[in-house]
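A short write-up of the structure that comes next.
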Amino acid sequence: MAVESAQAQRRQRSRVAELERLLAELAREGGPFSSGYNARLDRQEAYPAEAFRILDEFGMASNYVPTRLGGRLDSVPELIQLFRVVSRHDLSVIVAYGKTILGAAPTWVAGRPDQARWLAGEVLSSTMVTWALTERHHGADLLSGELTATRSADGWRLDGTKWLINNGTRAPLVCLLARTSAEGGSRGFSLFLVDKRELPPSAYSHLPKERTHGVRGVDISGMTFHGAHIPPGALIGDVGAGIEIVLKTMQLTRIVAVSLSLGAADHALRLAGSFLRRRRLYGRGLAELPAVRTTLGEVAASALLSEVVAMVAARGVHTISTEMSVITSITKALVPTLGDELLRQVGELLGARGVLLDVFADGAFEKLSRDHRIVAIFDGSTVVNRNALINQFPLLARAYHSGRWDSAGVAGAASLTGPLPDLDLSALTLLSRTGCSMVQSVPDAVAQIGRQTARGKLPAYVARQAADFARTVDAVLAEVTSYVPSSREVPDSAFTLAARYELCFAGAACMRVWLHSEQAAVAGGTAGALWRDGTWLSACLARVLTLLGAAPEGAGDHAYDRLADVVLAVPEDHVLSLVPDDFCLGSRA
């Protein structure tokens with residue numbers, strides 16, 4: 001298996017930095033990525049056409065195409081960092097522009113070689129591709145889809161409607177899920193790559209753009225096919241394999257989706273820091289008030305927790321791909337949820353300035369809060385992802401009690417700056433036969449942290465937090481073990497348990513990142529301050545324990561206070577991140 005070279009890593013970091021420098025320049029007052037410009041588009045519900053042109057010229061779409069097909073997609077972490085950069089400037093832009101990777105990915109996963117080559121050429125030419133899964137009366141219930149594809153003498157005939165489709169009107173190419181068996185079921189649906197440019201106008205029509213609370217300028221519409229004839233070569237994969245391909249593809253696209261939450265957290269923290277540094281109340285700086293510092297520390301811990309989970313998941317596609325059905329469900333459920341709560345807390349810090357449109361940052365926070373709400377919904381909602389995790393509870397319980405875990409895969413996923421194996425999407429599976437190695441590695445991770453504490457590398461209280469976390473994980477897994485699957489409705493308690501398991505994964509990922517990212521730990525700048533004396537690890541474990549209900553009130557205040565100092569020291573042209581500045585997640589020229 002080929003391994004990503006140091007030269008390839010430098011190229012990826014350089015590309016992320018190049019995009020950040022470009023957008024930072026364009027974010028100056030009056031520029032097409034400035035808060036004022038974005039606010040005007042939002043109020044007009046206007047499509048971000050100028051931003052599209054800029055990203056096209058940058059060659060962003062080349063990162064949607066695998067290197068074997070002439071593109072740049074060889075690193076999922078690089079892809080989510082590029083999305084993160086755009087997201088921290090304007091979520092609406094990346095929601096619209098990023099849809100093409102979702103529409104193209106099923107062909108990378110299961111398409112024929114000639115089909116993939118043709119589509120790669122289209123994407124590299126900046127042709128938009130959309131993914132049409134949902135229907136008005138069925139939403140996420142894909143097995144109830146009514147749009148049909150019926151065999152004909154010269155291919156297939158499409159009849160029916162897809163609704164709430166991002167770029168549904170604007171995208172010429174559509175990756176379409178259609179019922180190919182009247183009986184339906186898991187083998188009753190197939191995927192097709194439809195080129196609307198090849199259809200006569202009478203064969204299809206577009207639905208009106210829906211007005212939305214957030215991402216107002218994005219083309220959220222749909223399409224109806226009226227007996228549209230498509231060639232046999234439009235089929236992606238085998239007949240009846242549509243649902244399987246969708247589920248495997250989402251193991252990639254759900255990770256890409258959570259990069260939007262990372263960018264939103266970057267933006268929110270920048271706004272909060274800017275406000276708190278300047279605002280005075282009761283004769284002192286607002287950032288000096290204990291309650292404010294605790295909230296800011298909690299916000300920063302949630303942001304770092306989200307970064308850890310997202311980066312481990314992105315690296316996991318390369319290093320532990322057979323467990324991604326579990327990891328991506330956890331990631332897509334947890335990270336947007338943390339993001340929504342983070343934004344709520346920042347709103348408390350900003351007070352009136354969080355809702356006024358013309359007083360602070362052109363109303364950027366109010367827009368950000370609205371725009372982010374869609375992240376938890378698309379590519380499988382939080383409920384859908386937690387239900388998928390619940391379905392694997394028996395496997396997760398058996399694997400945890402076996403005591404076995406993929407040590408190499410975990411180490412590779414948790415080493416934020418380490419090399420990666422080649423991206424192999426064909427290795428993705430529908431179920432994880434080995435459970436979740438990250439959670440299964442908790443006893444070993446706690447033991448290692450204990451040894452580091454004994455050597456003076458970590459303060460003693462971090463070891464105590466880790467031990468408390470391990471006991472909580474055991475308790476959660478005892479509940480998972482005793483869970484009895486229902487053939488009828490899944491009880492609410494199971495979804496609560498799934499949310500707790502997600503937090504177990506997050507805490508385990510934090511410990512593993514601490515143990516396997518030594519290069520980041522010796523960095524200077526913001527990242528170095530976070531790593532010093534386990535500042536970020538302690539704050540993140542405090543946040544996890546609090547959310548799990550396993551920490552007494554106020555137990556994390558010391559960790560949050562230390563983290564607040566780091567946040568307030570971050571220059572406004574940088575972002576809070578565990579990755580060193582020379583790996584360039586956010587520094588601006």
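Take 1 as the starting number for the sequence shown in full-length UniProt numbering and just add one per residue.
Glycine included, each C-beta is placed from N, C-alpha and C at the ideal position.
Keep in mind it's a predicted model, so treat the numbers as computed, not measured.
Between which residues of its own chain and residue 400 is the CB-CB distance below 7 Å, once the five residues before and five after are set aside? 435, 439, 440 and 477
Determine the extent of the beta strand (DSSP E) in which residue 165 is found, giving its start and end residues. 155 to 166
Do residue 204 and residue 171 come within 8 Å of each other at the CB atom, strictly closer than that value? no
Inside the stretch 252 to 322 only - alpha helix (DSSP H) runs reaching at least 4 residues: 290 to 319
Just tell me which of 117, 74 and 297 has its CA closest to the CA of residue 567. 297
Can you tell me where the beta strand (DSSP E) with residue 227 in it begins and where it stops? 220 to 230
In the DSSP output, which residue or residues are listed as bridge partners for residue 540? Looking at the DSSP assignment, residue 540 forms no beta bridge with any residue, so it has no partner.
DSSP three-state call for residue 195: helix, strand or coil? strand
Less than 8 Å between the beta carbons of residue 225 and residue 266, yes or no? no
When burial is assigned at 16 or more other CB atoms within 10 Å of the CB, is residue 44 buried or exposed? exposed
In angstroms with no decimal places, state the Cα-to-Cα distance between residue 380 and residue 247. 10 Å
Is the number of C-beta pairs between the stretch 285 to 296 and the stretch 346 to 361 that are closer than 8 Å three or more? yes
Taking the alpha-carbon of residue 443 as reference, which of 462, 422, 464 and 470 has the nearest alpha-carbon? 470
Smallest Cα separation from residue 191: which of 185, 201 and 180? 180
Where does residue 407 land, buried or exposed, given buried means 16+ other C-beta within 10 angstroms? exposed
Less than 8 Å between the CB atoms is what I'm expecting for residue 337 and residue 258, so what's the real figure, rounded? With 8 Å as the limit, residue 337 and residue 258 do not qualify as a contact, their Cβ atoms being about 10 Å apart.
As an exercise, report each continuous alpha helix (DSSP H) stretch of at least 4 residues that is fully enclosed by the stretch 467 to 522, in chain order. 492 to 516 and 518 to 521
Would you mind sorting residue 213 into buried or exposed? The rule is 16 or more other CB atoms within 10 Å of its CB. exposed
Could you tell me the alpha carbon to alpha carbon distance between residue 388 and residue 281, rounded to whole angstroms? 47 Å
Minimum C-alpha distance to residue 21 - residue among 145, 54, 237 and 109: 54
With DSSP run on the structure shown, which of helix, strand or coil describes residue 134? coil
Do residue 243 and residue 189 have their C-beta atoms within less than 8 Å of each other? yes
Count the CB pairs spanning the stretch 483 to 496 and the stretch 460 to 467 that are closer than 8 Å, and state whether there are at least three. no
Helix, strand or coil: which one does DSSP assign to residue 560? helix
Assign residue 372 to buried or exposed, taking buried as 16 or more other Cβ atoms, counted over all protein chains shown, within 10 Å of its Cβ. buried
Note the first and the last residue of the continuous alpha helix (DSSP H) segment covering residue 107. 99 to 110
Would you kindly work out how many angstroms separate the C-alpha atoms of residue 353 and residue 343, rounded to a whole number? 13 Å
Who does residue 204 pair with in a DSSP beta bridge? 225
Verify whether the separation of the beta carbon atoms of residue 579 and residue 416 is less than 8 Å. yes
Please state whether DSSP places residue 535 in a helix, a strand or coil. helix
Under the three-state reduction of DSSP, which class applies to residue 149: helix, strand or coil? strand
Could you compute how far the alpha carbon of residue 585 sits from the alpha carbon of residue 156? Below a pLDDT of 50, predicted positions are generally treated as unreliable, and residue 585, at 36, falls in that range; the measurement from the model is reported next regardless. Roughly 46 Å separates the two Cα atoms.
Say whether the stretch 24 to 39 touches the stretch 359 to 371, bearing in mind that this needs 3 or more beta-carbon pairs closer than 8 Å, one atom from each stretch. yes
What is the rounded straight-line gap between the Cα of residue 135 and the Cα of residue 481? 36 Å
Determine the contact status of residue 116 and residue 245, defining contact as a CB-CB distance below 8 Å. no
For residue 95 and residue 51, believed in contact at Cβ under 8 Å, the rounded distance: Not really, about 11 Å apart at Cβ, beyond 8 Å.
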